[in-house]
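Data block below; observations after.
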Ligand SMILES: NC(=O)c1ccc[n+]([C@@H]2O[C@H](COP(=O)([O-])OP(=O)(O)OC[C@H]3O[C@@H](n4cnc5c(N)ncnc54)[C@H](OP(=O)(O)O)[C@@H]3O)[C@@H](O)[C@H]2O)c1
């Protein structure tokens with residue numbers, strides 16, 4: 001049994017990581033900015049409370065991210081965490097995204113820089129990249145589906161995966177020795193966004209119609225070429241259709 005600090009332990013992925021590590025008997029701490037949400041109150045952007053939350057924890061899962069602002073605070077946040085870890089930590093697992101080195105999206109550039117500083121630090125670490133979570137695609141499709149005609153980037157491809165299955169992989173990697181990079185973790189199938197949207201429409205009976213919008217630029221080309229997918233790593237089991245069937249209408 002280990003004492004583990006999970007940053008982002010209140011988020012979509014992190015909350016599953018926390019539950020799985022606790023089921024396996026570990027003593028799990030959760031850092032959150034929101035009072036009363038985690039076991040430890042703190043803010044990775046300012047560094048407040050981070051050293052206190054880390055002290056005595058020999059393992060760290062770093063799943064916090066400034067997801068609502070393209071990760072613009074992620075590098076600073078990751079550096080504050082690494083400063084609090086130094087070489088007192090046996091293993092830090094950093095959760096990242098498949099294809100961030102192939103698609104020049106602003107969020108991905110910030111994530112790539114985080115991977116670099118994690119790997120270059122004195123803290124023994126493993127980076128685990130995953131494909132997009134079902135939950136993320138559901139949030140995006142849910143937002144556009146409120147419109148009578150919903151615009152969709154034409155030709156984008158995804159390999160959606162259940163966040164709880166990625167969390168299982170994070171927990172398994174955490175319990176192994178640091179390995180710099182773990183194998184990528186992807187969902188069971190690569191699908192075009194138009195097909196994901198059709199399945200959403202089957203389940204939710206909205207929107208009335210989708211409007212495919214061709215987008216210019218290298219970022220859009222990366223998503224059309226499926227650089228964000230890893231078809232050779234399709235360990236995820238739950239399909240998008242199964243996820244939709246389990247979600248409330
Ligand atoms: N979503 C995807 O499809 C996907 C796919 C592959 C990899 N990933 C990666 O997986 C990780 C988790 O993603 P997610 O979608 O689960 O994120 P999320 O639900 O948006 O949760 C973000 C978490 O970060 C924490 N956080 C943000 N700023 C913080 C700060 N200044 N100090 C302390 N905590 C802070 C939040 O905690 P509080 O609000 O409680 O403070 C929250 O728990 C990210 O690194 C992401 O890049 C995501």
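In our numbering, the protein residues as written are 1 to 249. The C-beta atom is built at its ideal place from N, Cα and C for all residues, glycine as well. From a predicted model like this one, the values you see are computed outputs, not experimental measurements.
| Asked | Found |
| --- | --- |
| Selected residue, minimal CA-CA separation from residue 54, among 139, 131, 88, 136 | 88 |
| Check whether residue 229 and residue 190 have beta carbons under 8 Å apart | yes |
| Assigned exposure category for residue 5 - 16 Cβ within 10 Å defines buried | buried |
| Supposed close pair residue 214, residue 150 - CB separation, criterion 8 Å | In fact, because the Cβ distance is near 16 Å, the residues do not count as touching under 8 Å. |
| Residues near residue 41 in its chain [Cβ-Cβ closer than 6 Å; skip 5 each side] | 35, 49 |
| Reference residue 163; option with closest CA among 216, 63, 221 | 63 |
| Buried/exposed call for residue 91, threshold 16 Cβ in 10 Å | buried |
| Whole-Å CB distance - residue 93 paired with residue 61, under 8 Å assumed | 5 Å |
| Inter-residue CB distance, residue 234 and residue 178 (contact presumed, cutoff 8 Å) | About 25 Å; that fails the 8 Å criterion. |
| Completely contained beta strand (DSSP E) runs for the stretch 50-112, where each covers 3 or more residues | 59-62, 91-97 |
| Where residue 44 falls: helix, strand or coil (DSSP) | coil |
| Identity of the residue in 25, 3, 202, 123 nearest residue 180 by Cα | 123 |
| Length of the line joining the Cα atoms of residue 118 and residue 148 | 44 Å |
| Contact under 8 Å by Cβ, residue 158 with residue 132 | yes |
| Alpha-carbon spacing of residue 7 relative to residue 75, whole angstroms | 14 Å |
| Residue range of the beta strand (DSSP E) that includes residue 130 | 125-130 |
| First through last residue of the alpha helix (DSSP H) which encompasses residue 12 | 12-23 |
| C-alpha distance - residue 26 paired with residue 210, whole-angstrom precision | 46 Å |
| DSSP three-state assignment for residue 32, whether helix, strand or coil | strand |
| Under the three-state DSSP convention, the category residue 202 falls into | helix |
| Residue 47 versus residue 2: straight-line alpha-carbon distance, rounded | 24 Å |
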